[in-house]
Every structure is written in C-alpha cells, then in structure tokens.
Amino acid sequence: MTASSHKQFCHPERSEGSPQVVSKPYGIQQTTEILCCHENGGGRTGLQSLCENSFLLSFRGAAGDEESRSAPENIQSEIPRFARNDSLNQVFTQTLQPCHDWQFPLPRLRRASVQILLTSFLLLALAAPLRAIEEPTPPPLKLAYHLVLTHPNLHLVTVEIAAGEVSGEYLDFVMPAWAPGRYAIYDFAKNVQEFEAEGAPGQLLPWTNLDKQTWRVNVRQAGGSVKARYRVFANDLSGSFSQLDSTHANLNGASIFMYVAGHKPDPLTLSVDAPKDWQMISGFSDDTSVRTYHAPNYDRLVDTPIEACAETRLAQFQERGKTFRVAVHSYGEEDIDLSKLREGLQKIVHAEMALMPAPDFEHYTFIFHFAPGISMGDGMEHLNSTEIIIRGTLSVGLTEALETAAHEFFHVWNVKRLRPAALGPFDYTHEVYTPSLWLAEGVTSYVSYLSLLRAGLWTREQFLGRLSDEIRAFEEEPGRTLMSAESSSFHAWFYDRAPQMQETNFANSTISYYNKGALLGMMLDLEIQARTQGAKSLLDVLSRLYHKFYEAPQATYYGPGRGYEERDVLDAVNEIAGSDYTTFFDNYVRGTAPLPYNGELGAAGLALRMSVPAGSPPSIGITGVPENLGVRIFAVRPGGAADRAGLGRDDLLVAVDNQSLATEDFDTRLRAYLPGASVPFTVDRQGRREIISVTLDPPVPSSYVIQDLPGATPQQIATRNHWLGGGK
Ligand SMILES: [Zn+2]
Ligand SMILES: [Zn+2]
2 MTASSHKQFC HPERSEGSPQ VVSKPYGIQQ TTEILCCHEN GGGRTGLQSL CENSFLLSFR
62 GAAGDEESRS APENIQSEIP RFARNDSLNQ VFTQTLQPCH DWQFPLPRLR RASVQILLTS
122 FLLLALAAPL RAIEEPTPPP LKLAYHLVLT HPNLHLVTVE IAAGEVSGEY LDFVMPAWAP
182 GRYAIYDFAK NVQEFEAEGA PGQLLPWTNL DKQTWRVNVR QAGGSVKARY RVFANDLSGS
242 FSQLDSTHAN LNGASIFMYV AGHKPDPLTL SVDAPKDWQM ISGFSDDTSV RTYHAPNYDR
302 LVDTPIEACA ETRLAQFQER GKTFRVAVHS YGEEDIDLSK LREGLQKIVH AEMALMPAPD
362 FEHYTFIFHF APGISMGDGM EHLNSTEIII RGTLSVGLTE ALETAAHEFF HVWNVKRLRP
422 AALGPFDYTH EVYTPSLWLA EGVTSYVSYL SLLRAGLWTR EQFLGRLSDE IRAFEEEPGR
482 TLMSAESSSF HAWFYDRAPQ MQETNFANST ISYYNKGALL GMMLDLEIQA RTQGAKSLLD
542 VLSRLYHKFY EAPQATYYGP GRGYEERDVL DAVNEIAGSD YTTFFDNYVR GTAPLPYNGE
602 LGAAGLALRM SVPAGSPPSI GITGVPENLG VRIFAVRPGG AADRAGLGRD DLLVAVDNQS
662 LATEDFDTRL RAYLPGASVP FTVDRQGRRE IISVTLDPPV PSSYVIQDLP GATPQQIATR
722 NHWLGGGK
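When you line the sequence shown up against this note's numbering, it's residues 2 to 729, in that order.
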C-alpha cells in the first residue's frame, strides 16, 4: 500500500468533532484528505499524528493496493467517484473520542535490586562495544516462546522467551523496527514495557539497552538457561500491529515477538495461554484447539499471524487437494452468512492456482475482520495466511473483501515465495531496500484484476474500467515525470503508511509503485502475448522466475530458494518473449518516459479514449482543501495556471472576481469563465489579502475509457479474446 501523508495541517477551528473529509478536484488533480482532529482511541490505526491533537491523512495509491482496496477512500483512481456522490464524507462519520494525553511513561523496573545490578552492568556494558550480536551464527538455542493473553482490559500481552543451551556472556533480545509487507519504520519497541530476565527461577539477570530496540542480558551467571519476560501494549487492529481486548487477540508477530540476535534461524516452539473459549486460528494449525506450535525459525513465527477469539466464524473449502479456511470476526452484524464470501474466495483461489505452480502448503487461512468502527482497513500477505481488515460490515464490504483477497492471495507466489533478495530473510533492525516492488506489488494488483475477471467475479467492462482508473490515476500524477517505478519502490519507506512529521512535496514529486507497477504489468502482458502470438504471457514470466528462484537450492535458513535481483526480471522477460526488453525497462521501469498505452492496447484491438466531460470547468492546476472561508491550496501543479500566476501552497482562495468561495463551490465559480480568461482571485496569504490574476487553462480530461478499436484485425481480436478469456 502507498498511503502518503503529505502535510502537517492544524486547524484550530476543526479541533472538535468528527473528522473532516475533503476530496475535491480543482481542474487538474484529486487528493483525498482526511483531517481527523482528536484521536479515535480504538480506531486510530494508520492515522498519522501530525500535531498534538490533529491528524491529516492524504492518501495516494492505486486501485488494488491492498491498503486502498480495503479502504476505498484511499483509491486515488476512485476518488472522483466518491467526491461526486459525496459518499466519502459519509464514510467517515464515526464519533471521535477526546484526545488522549500524549505521554509516554518510562518503563519502571520492578525490583530495586535489579536497579543496582543494572547500574553496575551498564558501566561494564559501556566499556564493551555496543553492538547487537548478529553474525556469525552461534550454536543454536533451545527456544520456547510463551504468550499470556489474559489481561485484555489493559491491552497488555505478556511474552516469555525461554532460551536453553545458553553460553557466552550476553544474549541480545531485539524487537523489530518494522514488519515485512509494510515498508515503514514503526519501532515496535516503543510499546514494550517491564522487560526482565532471569536465570534460575527468581534469579534476575542484569540487562541494559544497547539501542532503542535491543535488550542485552548478561547471562554469565545464568547457568545455561535464560527466560526473558516483557509486556507489549497492543490495541491496533491492523496488518502490522496487534490487538488484545475482551473480544479477541489479533497478533502480528513482529509487533509482539523479540528475537535473540544471531538466533533467528533456530527452531522454536510457541505456546499460548488464552481464555478457554477462544478458538486459535492461524497458519500454524488447522485445528482451532491446538495452542502449542512449532516454527522452523523466527521469520516463520512472525509470518504467521494469530487470531484468538470466541466469536470468529469459520468456513472452509478444498481446492487442488489443499484446505482453505475462511475465518471471519465481524463486529458489525449478527448472524452473518459466510456463503457468498466463501464461494467468491473459492473462485479466486481456483483462478489463481490455475495461473501458477502449486504452492507448498497444505492449508491456507484467510483471516477477515469486518469492523465498521475502525478508521482504516488493511490487508497483509503471509506465507500461508492473510490478514484482511475491512472497514464496514460483511454485507456492505463483500466486494472489497474479495478484491483484497485476490491481491493478497496472489502474494502466495509473488513476494512471499518469489521474492526480491532483500525480502527474506529479513533484517528487522532497519530499512531494507529493493527496486522491485513495482513487480511484487503492482504486478500483483494487475494479476488480481485478471483473476477477478477469470473467476467470473468481474465483467470484462469492470476489468477494463479498473485499468482505465489506474491509467487516469497515473496520468494525473505530476510526479510521473520525476520518479521511476524502481525509485518509487526503493523509497517506499517514505510513504508506505510511514509517519510524516514534516511537510513534503509528495503530491508533486512521487508516484505509486502499485499504480505504475499495475500498468507495467498490463503493458508487459499485452506485449508478450502480441509478440508470441498468444503463446506466452506475463504469467509465464512469473512462473519462470518462480521456478528459477523459489525452486532453487535453499540459500539461507529462511526457506526454499533464494531472492531475485531486479536484473533477473528483465532476463526472464527476454527469455519468455524471445526478444530484448532492455529499452522497455530503461524507458518505463527505471525511466520516466510517457507510457504508450495505445501502442500496447492496440495489440489487443483496444484503445484508450480520454475526454473532457461536458460542463467541466477551466483548470487552474491546484489541489485544494475546502475551508470555511474558501479553498486552501494544498499543492500547485508546476507549470499550471496557478503556478504561472504565482499562487502557492497554503494560499487561501477566498473569492473569484469578488464572488465568495465561502458560499459557492469552487468549480461552479470557475464554470462562469472560458479557458484563456484572466480572472482576479482574492487570496488570503498569511493574513493579508491580495488580488492575483490567473489565466485559466482548458479543462483537463477526466474521462478515461478503454474501448474496442474500430477495424481491429483478426490477429488483434484473437489477442483480445485470449487476454480477456474467461470474462463474462
Ligand atoms: Zn478478531
Ligand atoms: Zn500487496
């Protein structure tokens, strides 16, 4: 997902009440902004804290991005639709709670003796190099993790890590800074409290923090076994964080489990102490009564989210000899009917398993939450499970749930098994970089669209409509001439739900690797099919990569195969297509050349038609946020009418030719003028009123439609039918 929070923006007049949702096209570009003043205690998942009591979210992303899919208000390509019917405002109407006090209490040591030991150990530790022990691999430990989920009202999960066969002087216990699948530094250690370690029962061991996420325990006197114990505050329902409350525990491993530095490869056990009537649901076991698990290594532990809950409803189906479970925890409705969800998922699984080699799991679990009260949905891929969180009820969110599932399930192959070299095994201590998320995420989106078509859940018109939306989203990005797909991927850490504490120019300088990646997937698929007369497609490229890298000899403890490098993608395309795609990659993957949609669509007897709907207002090239007195400029498109006139970010447009913008919609005011007209705008700039003349630009095309090409040749029609085969 790419959710970018573009700007700090505190509005005293909006410091109370419900979040303000504004999404408004002003001639050139749409951005959705969700200004949430005051924290919503239980449902602030994903909100970016930008000042003490307000949040501004500005989402950018494409249809199919898992975050977008689970939160339609995020979908840039769908924003105009929402903006027109005003449903966006309806989406965000939950009552927010008063601000919490933003205090971060210091962890308290539990015993005075520990404080004394700590002081002396700290002095010793300062004399030694303060660096976590990561390499080389020491002899394996006997590791047993234990979770206690019996204190839900305080949202505190107790974690115990027992390590046997301990030798040497120190063990470093490390809390991940991030969780695979979400490229943002969250520093899960900030919710750790009451860390302690003991050797023999009751014998506390001295420890110190090496850095924000590493607890170094002195184990010289431990006698060969150490038990570390800590508590984690967990109250976020999301694909990255965890939540323990009276209804359930939803646990995402990286936010809960420390690892022992140097011992991520060691096998381990996990046991869970939870209320007796809670079912245990995870990729570890398809038996909900089992509460002790085995994991081959730490990475697998954190790649297996756990839902423990008394209310979760379960359904299942079989496909190609494998068991697929559908687990639904719904907050919004009684007596939910899982049949439509299960049937839709089976169609998706059937369609996607037909595209790729059989995956190496016996059972797979879709863990769904339908929660009308949360502020943002989510979707997260795992090796043999997925977490999907829909903001809404099952009956309302069924379509969104299936579309998200189509994306997440294809990650079984693309990113969870066929993976960039940086993404498995993982370095959890800091950012890892890959230029290949356009393939791992964007192409996953594209294939999920194809699968929804092949599964019969989408019509051909819906499929082409979604691709048109993706094209429009990309063409409306000023950043498309500045940032490549590889660069967008590499810099994911800046905007994949990352906290934003300073103003950024992302609205003008970035693109989404989901969005451009989906378009690159479409273009490569069409071109390979055309060049090979339908004998090969993009799916053959993915299968080739899967065989070559995932089915290669195991290179690390992490699991089968090895990761690919970006150049391997080009090699595989060349191999499958039988021609050289270097120029294509130079231009469109690592370059910013305009995407030749019609060249590619033409191969399938299709064409993109862009048009200006009747009644469209002239453009001034801004993204604006409505306020009580007018429209606040959030972004100015370089070279547009507003830019040429000298308007800038934060300017407040209060009138057009003395006609107030407080009493009339901005577009309605602009419709009174023809393109080329010079119109005086009254601008409030830091408290001073100025008149600035703006020469209006023509309206910008906002209708993007992929249509049949008149006079298409039989070959083009054959390619089209091959591509769209299976659709209704
Ligand atoms: Zn749950
Ligand atoms: Zn994804």
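Cβ coordinates follow ideal geometry from the N, Cα and C atoms, glycine included.
Let me know the secondary structure DSSP gives residue i once reduced to three states.
| i | result |
| --- | --- |
| residue 1 | Any property of residue 1 remains undetermined from this structure, which presents the chain solely from 2 to 729. |
| residue 714 | coil |
| residue 621 | coil |
| residue 269 | strand |
| residue 425 | coil |
| residue 448 | helix |
| residue 169 | coil |
| residue 369 | strand |
| residue 181 | coil |
| residue 674 | coil |
| residue 205 | strand |
| residue 213 | coil |
| residue 723 | helix |
| residue 226 | coil |
| residue 509 | helix |
| residue 355 | coil |
| residue 387 | strand |
| residue 163 | strand |
| residue 527 | helix |
| residue 83 | Legend: pLDDT at residue 83 = 30, less than 50; position of this residue unreliable, no value from coordinates given. |
| residue 707 | strand |
| residue 339 | coil |
| residue 520 | helix |
| residue 400 | helix |
| residue 464 | helix |
Output needed for residue i: all residues of its chain with C-beta closer than 8 Å, excluding positions within five of it in sequence on either side, in chain order.
| i | result |
| --- | --- |
| residue 253 | 180, 239, 240, 241, 242, 243, 303, 306, 381, 388 |
| residue 541 | 529, 577 |
| residue 269 | 144, 145, 146, 295, 296, 298, 299, 302 |
| residue 464 | 450, 451, 453, 454, 725, 728 |
Between which residues of its own chain and residue i is the CB-CB distance below 6 Å, once the five residues before and five after are set aside?
| i | result |
| --- | --- |
| residue 273 | 148, 292 |
| residue 499 | 185 |
| residue 360 | 413 |
| residue 715 | none |
| residue 271 | 146, 294 |
| residue 166 | 142, 143 |
| residue 139 | 263 |
| residue 275 | 150, 309 |
| residue 229 | 162, 174, 198 |
Please name the residue in the options whose C-alpha comes closest to that of residue i.
| i | options | result |
| --- | --- | --- |
| residue 709 | 502, 506, 605 | 605 |
| residue 721 | 535, 286, 653, 391 | 535 |
| residue 155 | 141, 145, 245, 224 | 245 |
| residue 478 | 167, 236, 701 | 701 |
| residue 214 | 176, 322, 282, 372 | 176 |
| residue 589 | 481, 407, 625, 610 | 481 |
| residue 574 | 266, 552, 191, 543 | 543 |
| residue 341 | 161, 333, 395, 357 | 395 |
| residue 639 | 582, 648, 350, 139 | 648 |
| residue 200 | 193, 221, 190 | 221 |
| residue 491 | 432, 713, 319, 689 | 432 |
| residue 560 | 427, 494, 625, 629 | 427 |
| residue 227 | 161, 445, 343, 429 | 161 |
| residue 368 | 625, 384, 615 | 384 |
| residue 717 | 607, 666, 353, 694 | 607 |
| residue 658 | 652, 670, 650 | 670 |
Which residues in the same chain as residue i place their Cβ atom closer than 7 Å to its Cβ, once the five residues preceding and following it in sequence are excluded?
| i | result |
| --- | --- |
| residue 339 | 314, 316, 327, 329 |
| residue 310 | 248, 249, 279, 280, 330 |
| residue 85 | Because residue 85 carries a pLDDT of 30, less than 50, the predicted location of this residue cannot be relied on, and no value is offered for it. |
| residue 217 | 126, 171, 173, 208, 209, 211 |
| residue 612 | 702, 704 |
| residue 598 | 472, 609 |
| residue 723 | 530, 535 |
Got a sec: is the Cβ-Cβ distance from residue i to anything in chain C below 8 Å?
| i | result |
| --- | --- |
| residue 204 | Absent from the structure is chain C; it holds one protein chain and no more. |
So does residue i have its beta carbon nearer than 7 Å to some heavy atom of ligand 3?
| i | result |
| --- | --- |
| residue 492 | By its list of ligands, the structure shown excludes ligand 3, since it contains just ligand 1 and ligand 2. |
Exercise for the section: Just jot down, in chain order, the residues whose CB lies closer than 7 Å to any heavy atom of ligand 1. Expected result: 248, 249, 251, 308, 310, 313, 330, 370
Problem - 3 or more residues per run - each beta strand (DSSP E) lying fully within the region 550-621 - result: 607-612
Practice task
Kindly provide the ranges of any beta strand (DSSP E) runs that are 3 or more residues long and lie completely inside the region 468-502, ordered along the chain.
Solution key: none
Handout entry: In chain order, each alpha helix (DSSP H) run of at least 4 residues that lies wholly inside the region 628-699
Key = 642-646, 667-671
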